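Heads up, the sequence shown is in our numbering, so the first residue is 33 and it goes up one at a time.
The next block holds one structure in the form of structure tokens; read it before the comments.
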Amino acid sequence: ESKKNDILTLFQGTRVARMERCEETKKWLLFGTSGEGAFHDTSEEIAKKTNEVTLGRVSNGDENMSGYDAVILTDVSSSFGKWHRASAGVPEDFAKRVRQRIGARVPLFATMIAFDKELEVPFDAISFHEKNTSLWFAARTYAKPLLKNDEKKSIDKDCWTLISTPEYAMDKITESPMQDPTTGEFIPQSRDYLVSVPGADLEKAFRQKVVEQSTGDPDFKVPNIVYMDAQRWGSALPCHRHLDDTSPTRRIISSVPYDCHRSPLAPTKVEVLSTQRKDEEANNRNFLLEENLMLYQAGDMMSTYTPGYEGAALSGIEAAEHLIDQILSLQK
């Protein structure tokens with residue numbers, strides 16, 4: 033489904049599955065999949081039957097008007113090989129540069145739980161620093177700054193988001209990998225697995241922590257859980273930029289480098305590169321660019337800042353500003 037106005041066409045529920053550049057017009061053609069075949073947890077059998085559709089900018093009258101002048105990619109998983117469900121068919125030379133820039137990624141699992149009534153604890157968010165634990169931090173949904181007080185009062189369920197530690201996530205994707213070692217096919221994780229294994233583990237750890245925080249109150253009880261869902265987040269964060277392939281916490285899983293090292297995520301600041309990564313990154317741009325192709329990769333994985341939302345936003349802003357300058361220079 034697409035929504036269109038004079039300057040923007042939005043393709044909802046659609047994933048870019050392939051991209052091609054016309055050598056004559058120097059424009060990009062994008063092809064996507066939608067519906068069930070676009071989701072990560074869809075079986076390979078169904079995904080293979082999904083038909084591709086051309087995503088906009090196709091002119092029947094003038095071929096020079098078909099396609100896009102530039103493409104900005106924001107999901108690093110689009111640079112995986114064809115085996116990965118999120119692959120967008122990015123040109124291999126550029127995809128290789130993206131993978132080199134990332135270094136290693138940090139995997140996480142996320143779980144959402146809903147209690148039938150408010151969890152009466154003296155905090156809305158909490159983090160845990162112990163080693164060899166499954167739970168990293170947890171936060172109450174209605175405590176978000178954008179929710180007004182009257183909206184909080186109207187919510188009859190108390191929802192929390194639980195985030196695993198990178199160490200736990202690496203252990204789990206080692207046990208249940210994302211790629212079949214024999215066939216090379218993508219392995220989606222079912223909701224049953226996600227809820228019964230990582231979901232249950234994180235809920236149990238959170239319940240235990242809540243009880244520990246409430247020691248001394250004989251009447252304290254954890255409310256009943258009325259809903260739970262969980263997600264595998266294979267490329268949740270970039271590793272910190274001072275790390276390289278000599279890191280003792282790095283592990284290769286299904287040919288993909290991961291790193292579970294944890295350093296402070298705040299405040300947001302430019303991180304010092306390792307000597308190895310300085311050699312790989314010739315400049316300190318917060319995005320990656322192939323100028324001859326007008327192809328960009330932006331986001332937290334490309335940022336020179338501390339991993340997190342702010343680094344991702346700054347990367348996107350810089351990439352957009354650079355693209356605007358490029359377009360304006362071509363119009364002179």
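Idealized CB from N, CA, C, for every residue including glycine.
Computed from a predicted structure; not experimentally measured.
Buried or exposed by the 16-neighbour rule on C-beta atoms within 10 Å, applied to residue i
i	result
F252	exposed
P230	buried
K128	exposed
L226	buried
I195	buried
V288	buried
F155	exposed
Three-state secondary structure assigned by DSSP to residue i
i	result
S295	coil
R283	strand
E322	strand
R221	Note that residue 221 is Gln in the sequence shown, not Arg. In this structure, Q221 counts as coil in the three-state DSSP scheme.
V229	helix
G348	helix
Q240	helix
E52	strand
R131	helix
K253	coil
Q363	helix
V153	coil
S110	helix
Q329	strand
I78	helix
K58	coil
L105	strand
Q211	strand
A314	Any reading at A314 must be qualified, since the residue scores a pLDDT of 49, below 50, and its modelled position is unreliable; no value is offered.
K204	helix
Residue i vs residue j beta-carbon contact at 8 Å
i	j	result
R50	E84	yes
A70	T46	yes
V243	V254	yes
S119	Q211	no
A170	D291	no
Residue-level contact to chain B via CB, residue i, 8 Å cutoff
i	result
T41	You won't find chain B in this structure, because it holds only one protein chain.
Heavy atom of the ligand PLP within 7 Å of residue i beta-carbon
i	result
K364	For the structure depicted, the ligand PLP is absent and the ligand set is empty, with no information on it obtainable.
query: Is the region 290-300 close to the region 337-355, with three or more CB pairs under 8 Å?
result: Counting Cβ pairs under 8 Å, three or more are found: they touch.
- prompt: Using 8 Å as the threshold, is the region 275-283 in touch with the region 144-153, meaning 3 or more CB pairs across them?
  reply: Cβ pair count under 8 Å is below three, so no.
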